[in-house]
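First up is the structure itself, then whatever we jot down about it.
Protein chains: 2
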Amino acid sequence: MVTEEQVRESLQGILVPGVKRSLTDMNLVRDIALDEGKVGVTLASSALNEGAQDWLRSKVKDAVGGLNGGTTTEVTFIDVKATEVNEIGSVIAVMSGKGGVGKSLVASLTAVALKRQGYRVGILDADITGPSIPKMLGVRERPVGSNTGIMPVISRSGIEMISFNLILEQEEDAVIWRGPLISKAITQFWEEVVWGKLDYLVVDLPPGTADAPLTVMQTLPVSGVIIVSTPQDLTNMIVKKAVSMARKMDKPILGVVENMSFLYVPEIDKKIELFGRSRGDEMAQAAGAPLLGTLPIDPELARLCDEGNIERYSSDAFASMTANLAGALKMPDAGNSGGR
Amino acid sequence: MVTEEQVRESLQGILVPGVKRSLTDMNLVRDIALDEGKVGVTLASSALNEGAQDWLRSKVKDAVGGLNGGTTTEVTFIDVKATEVNEIGSVIAVMSGKGGVGKSLVASLTAVALKRQGYRVGILDADITGPSIPKMLGVRERPVGSNTGIMPVISRSGIEMISFNLILEQEEDAVIWRGPLISKAITQFWEEVVWGKLDYLVVDLPPGTADAPLTVMQTLPVSGVIIVSTPQDLTNMIVKKAVSMARKMDKPILGVVENMSFLYVPEIDKKIELFGRSRGDEMAQAAGAPLLGTLPIDPELARLCDEGNIERYSSDAFASMTANLAGALKMPDAGNSGGR
Numbered sequence: 001m002v003t004e005e006q007v008r009e010s011l012q013g014i015l016v017p018g019v020k021r022s023l024t025d026m027n028l029v030r031d032i033a034l035d036e037g038k039v040g041v042t043l044a045s046s047a048l049n050e051g052a053q054d055w056l057r058s059k060v061k062d063a064v065g066g067l068n069g070g071t072t073t074e075v076t077f078i079d080v081k082a083t084e085v086n087e088i089g090s091v092i093a094v095m096s097g098k099g100g101v102g103k104s105l106v107a108s109l110t111a112v113a114l115k116r117q118g119y120r121v122g123i124l125d126a127d128i129t130g131p132s133i134p135k136m137l138g139v140r141e142r143p144v145g146s147n148t149g150i151m152p153v154i155s156r157s158g159i160e161m162i163s164f165n166l167i168l169e170q171e172e173d174a175v176i177w178r179g180p181l182i183s184k185a186i187t188q189f190w191e192e193v194v195w196g197k198l199d200y201l202v203v204d205l206p207p208g209t210a211d212a213p214l215t216v217m218q219t220l221p222v223s224g225v226i227i228v229s230t231p232q233d234l235t236n237m238i239v240k241k242a243v244s245m246a247r248k249m250d251k252p253i254l255g256v257v258e259n260m261s262f263l264y265v266p267e268i269d270k271k272i273e274l275f276g277r278s279r280g281d282e283m284a285q286a287a288g289a290p291l292l293g294t295l296p297i298d299p300e301l302a303r304l305c306d307e308g309n310i311e312r313y314s315s316d317a318f319a320s321m322t323a324n325l326a327g328a329l330k331m332p333d334a335g336n337s338g339g340r
Numbered sequence: 341m342v343t344e345e346q347v348r349e350s351l352q353g354i355l356v357p358g359v360k361r362s363l364t365d366m367n368l369v370r371d372i373a374l375d376e377g378k379v380g381v382t383l384a385s386s387a388l389n390e391g392a393q394d395w396l397r398s399k400v401k402d403a404v405g406g407l408n409g410g411t412t413t414e415v416t417f418i419d420v421k422a423t424e425v426n427e428i429g430s431v432i433a434v435m436s437g438k439g440g441v442g443k444s445l446v447a448s449l450t451a452v453a454l455k456r457q458g459y460r461v462g463i464l465d466a467d468i469t470g471p472s473i474p475k476m477l478g479v480r481e482r483p484v485g486s487n488t489g490i491m492p493v494i495s496r497s498g499i500e501m502i503s504f505n506l507i508l509e510q511e512e513d514a515v516i517w518r519g520p521l522i523s524k525a526i527t528q529f530w531e532e533v534v535w536g537k538l539d540y541l542v543v544d545l546p547p548g549t550a551d552a553p554l555t556v557m558q559t560l561p562v563s564g565v566i567i568v569s570t571p572q573d574l575t576n577m578i579v580k581k582a583v584s585m586a587r588k589m590d591k592p593i594l595g596v597v598e599n600m601s602f603l604y605v606p607e608i609d610k611k612i613e614l615f616g617r618s619r620g621d622e623m624a625q626a627a628g629a630p631l632l633g634t635l636p637i638d639p640e641l642a643r644l645c646d647e648g649n650i651e652r653y654s655s656d657a658f659a660s661m662t663a664n665l666a667g668a669l670k671m672p673d674a675g676n677s678g679g680r
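First to last, the sequence lines map onto chains A and B. The opening residue of the first sequence carries number 1 in my numbering; numbering runs sequentially from there. The opening residue of the second sequence carries number 341 in my numbering; numbering runs sequentially from there.
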């Protein structure tokens with residue numbers, strides 16, 4: 001006689017078409033019933049079209065049927081909303097107020113850092129009109145889905161993501177939309193994407209303090225905000241607007257990352273402060289949060305971003321940011337989280 | 341007997357309180373009537389509070405009365421909408437789609453270049469949630485006004501400007517608004533600000549292709565768009581969205597400015613392409629418009645921006661951009677424009 005535990009384990013190995021994560025990780029297994037040698041498996045049909053359902057039905061039958069030399073298996077699909085399937089530990093919003101300071105860079109690096117530590121991570125690209133995430137992570141697939149939801153796409157290292165640029169015909173197409181449509185798109189990314197089980201969902205916000213950040217802070221259970229700044233005084237004035245918004249919306253600030261802090265020129269072994277002296281500590285103080293890192297202007301990093309290879313980046317500055325991030329998130333020991 | 345011409349000339353010297361531009365430049369003189377030794381001057385009261393009206397009344401009486409040894413002068417104020425007072429030659433929108441590429445920098449430099457050539461120039465800062473213009477030009481005054489309009493503020497070199505940051509209590513206050521309010525603010529900057537006579541109004545757009553640029557392109561008579569990019573491939577993808585928007589809205593693209601093209605390190609006499617090789621020509625081709633300039637990353641320029649002294653900037657790159665801009669705008673010979 002097979003046990004529920006054995007059945008559940010056998011489902012671990014079945015990857016959901018499109019996302020390449022297992023049925024259990026995607027939280028699609030809704031029920032396992034054992035009855036006189038018969039096994040009934042109920043799966044959520046969320047975002048699965050008919051072909052995907054047929055494929056999964058046969059894979060589940062094979063896996064469970066193989067357990068004890070021919071258990072009869074019945075697979076039933078039920079409609080479940082994406083929001084009921086999703087189990088997301090923490091939602092972290094990356095914001096700045098100012099454009100071009102490296103929000104998408106910091107959002108991606110945050111996701112990469114958490115993924116490398118063994119957590120299950122997703123990125124929700126809330127910059128609908130200027131999305132950078134897919135390009136940085138080298139993802140170009142179109143998300144698959146059905147009338148019950150959308151599947152995220154998966155990066156090389158296994159980070160789930162959704163971005164409006166994945167939905168456009170051409171990545172250079174403009175989304176000429178007013179606020180209500182922008183907000184609706186973000187809400188759909190939250191409510192209709194089947195994220196499954198995630199330890200962290202990183203949200204990349206567009207510049208400004210208007211519709212997109214407002215919708216994210218009002219609709220998503222944001223547990224913390226990472227603020228991104230650069231050394232320029234001009235930038236800092238605008239970044240402080242973002243700090244002020246996070247405060248008004250009662251969202252705790254986890255920390256500050258200063259980007260483009262300096263440029264190291266190896267020929268003269270010198271750090272040049274291109275945009276003035278670092279103001280990271282000042283900004284951290286203004287935000288009442290730790291300085292998580294100061295990232296240099298790094299031509300190598302710019303190249304990796306352009307190539308879609310940000311997941312390959314490593315540097316002392318990034319290692320230090322990763323360590324500080326772990327502290328700020330008060331994370332359990334990496335590897336003990338049940339993440340993979 | 342005084343002539344209308346003499347009266348008009350005498351009004352040239354009277355500066356409107358708050359803007360430090362003359363009554364005639366602000367286009368507030370609506371009528372001059374001569375009748376048997378009496379002179380009647382009708383002024384628009386737009387944006388002038390009672391104190392300002394009284395002050396102007398007495399200044400006009402002094403100036404006209406002094407013309408011919410005691411002409412009796414009557415000054416009448418009439419309510420005229422700002423839109424009727426304003427005579428604006430060309431509206432140039434500076435856009436990019438991407439944040440932080442230097443839109444405000446290019447908008448300011450465009451205004452400075454035109455001003456130095458003798459044109460009457462204003463800047464409308466349409467970035468309501470992240471306005472940079474006042475800081476770059478070192479302006480902190482609050483705009484004055486009345487219930488019939490708002491006066492712009494004036495930079496050291498005489499550039500008119502309006503920005504939401506001039507209206508905030510604290511420059512770091514966040515404007516947490518959804519699109520309709522953002523659009524309303526921009527529309528007010530166009531309809532209720534008394535710009536007077538301008539040769540060029542430069543509009544600094546926020547990132548994205550949502551409410552703000554849409555409102556500017558639908559509400560203002562934009563005669564041309566300047567596109568700002570940087571060498572990064574990632575940036576270019578998003579900048580092309582702005583190009584696509586300008587096309588869809590039937591707005592001609594005047595040219596492309598590539599910012600942060602390179603860094604010159606004097607110690608090694610070398611140009612470093614920090615964000616990859618220049619793609620200015622490529623972007624210009626994609627936009628179907630000339631490349632107006634490639635600006636380097638210049639720590640001196642960053643400093644001037646932080647200090648509010650961008651009007652003092654000069655460099656070879658800026659000189660070349662100025663010359664190309666003149667060509668793109670097909671400007672009449674500088675100095676012959678009647679501008680001051």
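We put the beta carbon where it would ideally sit given N, CA and C, even for glycine.
Using the three-state DSSP reduction, which class does residue i fall into: helix, strand or coil?
i: Ala-44 (chain A); result: strand
i: Ser-430 (chain B); result: strand
i: Ser-314 (chain A); result: coil
i: Asp-211 (chain A); result: helix
i: Glu-512 (chain B); result: coil
i: Met-245 (chain A); result: helix
i: Thr-72 (chain A); result: strand
i: Ser-155 (chain A); result: coil
i: Glu-481 (chain B); result: coil
i: Arg-30 (chain A); result: strand
i: Ser-223 (chain A); result: strand
i: Pro-360 (chain B); result: Going by the sequence as given, residue 360 (chain B) is Lys instead of Pro. Looking at Lys-360 (chain B) - three-state DSSP - the assignment turns out to be coil, as it is neither helix nor strand.
i: Glu-344 (chain B); result: helix
i: Asp-638 (chain B); result: coil
i: Ile-593 (chain B); result: strand
i: Glu-258 (chain A); result: strand
i: Glu-361 (chain A); result: In this structure chain A extends from 1 to 340, so residue 361 (chain A) is not present and cannot be described.
i: Thr-662 (chain B); result: helix
If we define contact as Cβ-Cβ less than 8 Å, is residue i a contact residue for chain B?
i: Thr-294 (chain A); result: no
i: Met-95 (chain A); result: no
i: Val-175 (chain A); result: yes
i: Ala-185 (chain A); result: no
i: Glu-267 (chain A); result: yes
i: Arg-312 (chain A); result: no
i: Val-144 (chain A); result: no
i: Arg-178 (chain A); result: yes
i: Leu-11 (chain A); result: no
i: Asp-306 (chain A); result: yes
Near residue i, what residues of its chain come up, given a Cβ to Cβ distance below 7 Å and the 5 sequence neighbours on each side ignored?
i: Ile-88 (chain A); result: Trp-195, Leu-198, Leu-201
i: Thr-555 (chain B); result: Ser-523, Ile-526, Thr-527
i: Val-257 (chain A); result: Val-106, Ile-226, Val-228, Leu-292, Gly-293, Leu-295, Met-321
i: Pro-630 (chain B); result: Gly-595, Ala-624, Asn-664, Ala-668
i: Ile-238 (chain A); result: Gly-97, Lys-98
Under 8 Å, Cβ to Cβ, is there at least one residue of chain A near residue i?
i: Lys-360 (chain B); result: no
i: Lys-591 (chain B); result: no
i: Ala-550 (chain B); result: yes
i: Met-476 (chain B); result: yes
i: Asp-573 (chain B); result: yes
i: Val-441 (chain B); result: yes
i: Thr-588 (chain B); result: The identity of residue 588 (chain B) in the sequence shown is Lys, whereas the question assumes Thr. Closer than 8 Å to some Cβ of chain A, the Cβ of Lys-588 (chain B) qualifies, so yes.
i: Leu-545 (chain B); result: no
For residue i, which residues from the same chain have a beta carbon less than 6 Å from its beta carbon, with the 5 sequence-adjacent residues on both sides left out?
i: Thr-24 (chain A); result: Leu-11, Gln-12
i: Cys-645 (chain B); result: Met-476
i: Ala-586 (chain B); result: Val-565, Ile-593
i: Thr-450 (chain B); result: Val-542
Throw me the rounded Cβ distance for the residue i and residue j pair, which I believe falls under 8 Å.
i: Arg-397 (chain B); j: Val-379 (chain B); result: Wrong, their Cβ atoms sit about 13 Å apart, outside the cutoff.
**Request:** Take every Cβ of the region 370-386 of chain B, pair it with every Cβ of the region 449-469 of chain B, and state whether three or more of those distances are shorter than 8 Å.
**Result:** no
**Message:** For the region 555-568 of chain B against the region 184-191 of chain A, do three or more pairs of beta-carbon atoms, one drawn from each stretch, fall closer than 8 Å, so that the two count as touching?
**Reply:** no
**Prompt:** Pairing CB atoms from the region 642-656 of chain B with CB atoms from the region 612-626 of chain B, are three or more of them under 8 Å?
**Reply:** no
**Prompt:** Hey, is the region 116-124 of chain A in contact with the region 447-465 of chain B, meaning 3+ C-beta pairs nearer than 8 Å?
**Reply:** no
**Message:** Any contact between the region 62-80 of chain A and the region 157-171 of chain A? By contact I mean 3 or more CB pairs, one from each, below 8 Å.
**Reply:** no
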